[in-house]
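See structure below.
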Amino acid sequence: DAGITQSPRHKVTETGTPVTLRCHQTENHRYMYWYRQDPGHGLRLIHYSYGVKDTDKGEVSDGYSVSRSKTEDFLLTLESATSSQTSVYFCAISEKDPQETQYFGPGTRLLVL
Amino acid sequence: SQQGEEDPQALSIQEGENATMNCSYKTSINNLQWYRQNSGRGLVHLILIRSNEREKHSGRLRVTLDTSKKSSSLLITASRAADTASYFCATVVSNFGNEKLTFGTGTRLTIIP
Numbered sequence: 001d002a003g004i005t006q007s008p009r010h011k012v013t014e015t016g017t018p019v020t021l022r023c024h025q026t027e028n029h030r031y032m033y034w035y036r037q038d039p040g041h042g043l044r045l046i047h048y049s050y051g052v053k054d055t056d057k058g059e060v061s062d063g064y065s066v067s068r069s070k071t072e073d074f075l076l077t078l079e080s081a082t083s084s085q086t087s088v089y090f091c092a093i094s095e096k097d098p099q100e101t102q103y104f105g106p107g108t109r110l111l112v113l
Numbered sequence: 001s002q003q004g005e006e007d008p009q010a011l012s013i014q015e016g017e018n019a020t021m022n023c024s025y026k027t028s029i030n031n032l033q034w035y036r037q038n039s040g041r042g043l044v045h046l047i048l049i050r051s052n053e054r055e056k057h058s059g060r061l062r063v064t065l066d067t068s069k070k071s072s073s074l075l076i077t078a079s080r081a082a083d084t085a086s087y088f089c090a091t092v093v094s095n096f097g098n099e100k101l102t103f104g105t106g107t108r109l110t111i112i113p
């Protein structure tokens, strides 16, 4: 898992509470991504970043926000968690271009009760 | 709807046999990538094939791309128990500098010892 860590690895929370997931990389890659993985849907892009303080929305961004204040850290926040956000969340990085190889973190399993 | 769709959804074969998975997509692509995911882990990049390439090899892996049929196949030769995993294709569609990876729902491969 190419120098990518995610924290926490598992989390259980209640509906309506805020949740922040962290992705940390040691590769100094420019691009960082947050995906969610759900049965029957494959991986879907939530948000991505193309540099410090530069972020954009993906396919399923509603209910999520992100921040990137340092090259190595990309935070995903669920402002008010809902049961539909129960999922496995993956962070990924790529060096130069979103079209090229992406390297994935180990994932965070989130359960919203 | 998914840009890339893998077929079959699940495949079980005996160790030593070859495994073939297919991916079909809807719109013209810049490149197509294959990833592997072991249970409970992040995705691992296997091969990237560009739209002007027809075949690529990496060890026991062979990927073909037929842009006229909008399809790709992943062949794993001489399968091993360690090849048991889910395999995903991901496509990149030209989008005026805003290209992203779009993942299919995957093929679950089981190698029977």
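Residue numbers (our numbering), protein chains in the order written: chain P, 1 to 113; chain D, 1 to 113.
In this text, a Cβ means the ideal position worked out from N, Cα and C, and glycines have one as well.
Secondary structure at residue 97/P: coil, using DSSP grouped into helix, strand and coil. The residue from 30/P, 111/P and 60/P with its alpha-carbon nearest to that of residue 43/P is 60/P. When the five nearest sequence neighbours on each side are left out, the beta carbons in the same chain lying within less than 6 Å of the beta carbon of residue 108/D are those of 10 and 86, in order along the chain. In this structure, DSSP gives residue 62/P a state outside helix and strand, which the three-state scheme calls coil. For the C-beta of residue 45/D, the chain P residues within less than 9 Å are, from N- to C-terminus, 101, 102, 103 and 104. Looking at the DSSP output, residue 64/D shares a beta bridge with 55/D and 73/D. By the beta-carbon neighbour count (other beta carbons within 10 angstroms, threshold 16), residue 112/D is exposed. Note on residue 9/P: under 16 other CB atoms within 10 angstroms of its CB, so exposed under the neighbour-count rule.
Excluding its 5 nearest sequence neighbours in each direction, residue 12/P has C-beta neighbours in its own chain below 6 Å: 111, listed in chain order. Boundaries of the beta strand (DSSP E) harbouring residue 51/P: 42-51, taken from the DSSP string. Counting of Cβ neighbours within 10 angstroms places residue 98/P among the buried residues, the total reaching 16 or more.
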